[in-house]
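Report on one structure; see the data block that follows.
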Amino acid sequence: MPPTSQRPQMRTKRVIAQTKFETISVLRNGEQLLLSLILPLGMLIFLAKAPLLSGLGIVGPGADPLTVALPGALSLCLASTAFTGQAIATAFDRRYGVLRQLATTPLGTNGLILGKLGAVVAVVVIQFILAFAIAVGLGFNSPVNPLALILTTLLGTAALLSLGLLMAGTVRAEATLAGANLIWVLMAGVGGLVIAHPGEWGTVVGYLPSGALGDAMRAAVGGAGFDIKALIVLLVWGLLGTFAARRWFRFE
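Sequential numbering of the sequence shown, starting at 287, is according to my numbering.
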């Protein structure tokens, strides 16, 4: 048995190894790659080049559509990886008994969750680098608040990942596959993730994780500020999702 002083170091190595495994699994999975990279980045290019945003009156005449397209793409990237991708992958790992086996190894339950969180952060960083590179190539030169962007990313990841794991740990794999994809479409279309919605519906979705993430991201990228209300909403959803996942998540 290793000395007590070496145990934290060994746990850290196990978590890092699991993070690498989870990250490589995402990047090698064609379906997750489509969901996490190709669709959000394709949407970024489409919204930046097509006259859709100006035609709908979302951006004014002469305004830069990238101030809406880029934060929308970043939010969609994060939701694809932290919620939909992890919910589906974890649900099928649970179905095939992978989670049950990993939970009984020295990695443990907490190590497994930390490994998944680390993988999400790693993939999101790659997504954000590519999205910003494409946006700059398309002419994006609006202000960005790095601290607000980091805080939004962390709170958004915590909220959506916890809810994704809650779904994966309580619902059958096939139902999770259908439900997670449907929720992704709803978040992107009417959930405030990509564009802000006016009126009463905008007020409602502002209190949902997708709407709060979209609002906070639009404030950080293009607005160069903090949307305090949206950040608080994300924090509350993250705490509720984490509590619920720890309470009801089943490994088999």
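All C-beta atoms in this analysis are idealised placements derived from N, C-alpha and C, irrespective of residue type, glycine included.
Note that the structure is predicted; figures quoted are calculated from it, not measured.
| Query | Result |
| --- | --- |
| Proximity test, residue 496 beta-carbon vs the ligand ATP heavy atom, cut-off 6 Å | With respect to the ligand ATP, the structure offers nothing, as it holds no ligand at all. |
| Contact check, residue 455 vs residue 535, beta carbons under 7 Å | yes |
| Contact check, residue 459 vs residue 381, beta carbons under 7 Å | yes |
| Cβ pair residue 447, residue 387 closer than 7 Å | no |
| Exposure label - residue 470; buried when at least 16 CB within 10 Å | buried |
| Where residue 345 sits in the DSSP three-state scheme | coil |
| Top-ranked residue by Cα proximity to residue 399, from 522, 479, 308 and 512 | 308 |
| Own chain residues within Cβ distance below 8 Å of residue 335, not counting five before or after | 424 |
| Contact between the segment 498–509 and the segment 427–439 (3+ Cβ pairs under 8 Å) | yes |
| Burial state of residue 299 (16 or more Cβ within 10 Å) | exposed |
| Option nearest residue 542 by Cα separation, candidates 325, 375 and 517 | With the chain running from 287 to 538 in the structure shown, residue 542 is simply not present. |
| Member of 442, 488 and 462 whose CA lies at the smallest distance from the CA of residue 364 | 442 |
| Pair within 7 Å by beta-carbon distance, residue 312 and residue 401 | no |
| Residue 246 vs residue 451 beta-carbon contact at 7 Å | No statement about residue 246 is possible, as the shown extent of the chain runs from 287 to 538 and does not include it. |
| Buried versus exposed call for residue 392 [16 or more other C-beta atoms within 10 Å across all chains shown] | exposed |
| Straight-line gap, residue 296 to residue 409 (C-alpha atoms, nearest Å) | 24 Å |
| Beta-carbon proximity list for residue 527, same chain, < 7 Å, skipping 5 on both sides | 445, 448, 449 and 452 |
| Cβ-Cβ separation, residue 420 to residue 362 (assumed contact under 8 Å), whole Å | Not really, about 13 Å apart at Cβ, beyond 8 Å. |
| Burial state of residue 439, where buried means 16 or more other Cβ atoms lie within 10 Å | buried |
| Span of the alpha helix (DSSP H), counted from its first residue to its last, around residue 522 | 514–534 |
| Ranges of the alpha helix (DSSP H) found wholly within the segment 431–502, counting only runs of at least 4 | 432–456, 459–475 and 485–491 |
| Whole-angstrom distance between residue 418 and residue 352, CA atom to CA atom | 10 Å |
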